[in-house]
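Enquirer: As numbered in UniProt numbering, residues 1 to 145 make up the sequence shown, in order.
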Amino acid sequence: MEDLGAIKYALGIRITQLEESICLIQDKLIIQIVVEFRIKKEKAPPSPLPRNSKELKTLTLEPPKQPPFNFRHAVGLLQYLVQFTRPNLSFATSFLSQFLESPCEPHYQVLIHTLKYVSGTKHFSLKLDQTHLNHLKSEIVGFTD
């Protein structure tokens, strides 16, 4: 058997090992999402969902005749990010999942907003490190943005 050294990538997740911590980041997947959905490089919105997103639940609109992209696929990619490195997107992903059956134009706009947020924050990582408190010395604690 051969020692392959420290792990650098697993399941599309870049793993950076520091002295007392591990950082997990999915920047390659985020770059693929940006390219696939043609998200323009602009300043990231301050939050994953726009302020008026709650109003979308009460709207009754027709789905677009020519959808700009596969809504279900985009939400699925967000869900994959949530599962591994971006738990901060869980509410936005859950909210968007409510409209998988028949998304309307405003739903696509909210999804694009979320994708712009993800694009602008692609450098965010999930940091796992050991605390310095005596009673928690052997536990791993995770932090996210």
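Cβ atoms here follow ideal geometry from the backbone N, Cα and C, with glycine treated the same way.
Tell me Arg-14's beta-bridge partners as DSSP assigns them.
Expert: According to DSSP, which records beta bridges pairwise, Arg-14 is partnered with Tyr-9, Ile-25.
Enquirer: What is the residue span of the beta strand (DSSP E) that Lys-57 lies within?
Expert: Run containing Lys-57: none; DSSP gives neither H nor E here.
Enquirer: Cα separation between Lys-41 and Glu-19?
Expert: Distance between the alpha carbons of Lys-41 and Glu-19 is about 34 Å.
Enquirer: What does the alpha-carbon distance come out to for the pair Asp-129 and Phe-95?
Expert: Going from the Cα of Asp-129 to the Cα of Phe-95 covers about 30 Å.
Enquirer: Helix, strand or coil for Lys-43 per DSSP?
Expert: Residue state, collapsed to three classes: coil.
Enquirer: Helix, strand or coil, according to DSSP, for Gln-66 in the structure here?
Expert: Coil.
Enquirer: If you follow the beta strand (DSSP E) that Gln-98 is part of, which residue opens it and which one closes it?
Expert: No beta strand (DSSP E) holds Gln-98; DSSP gives it neither H nor E.
Enquirer: At the level of alpha carbons, what is the spacing between Ala-74 and Thr-93?
Expert: Going from the Cα of Ala-74 to the Cα of Thr-93 covers about 10 Å.
Enquirer: Does DSSP put Leu-4 in a helix, a strand or coil?
Expert: Here Leu-4 sits in coil by DSSP.
Enquirer: Where does Thr-16 land, buried or exposed, given buried means 16+ other C-beta within 10 angstroms?
Expert: Thr-16 should be labelled exposed.
Enquirer: Going by Cα to Cα distance, which pick from Gly-120, Lys-116, Gln-109 is closest to Asn-52?
Expert: Comparing Cα positions, the closest option is Gln-109.
Enquirer: Grouping DSSP H, G and I as helix and E and B as strand, with all else coil, what is Leu-126?
Expert: Three-state result, Leu-126: strand.
Enquirer: If you drop the 5 nearest sequence neighbours on each side, which residues of the same chain put their C-beta closer than 7 Å to that of Lys-43?
Expert: Contacts found: Gly-120.
Enquirer: Taking Leu-77 as part of the alpha helix (DSSP H), name the residues at either end of that continuous run.
Expert: Leu-77 -> alpha helix (DSSP H) spans 71-84.
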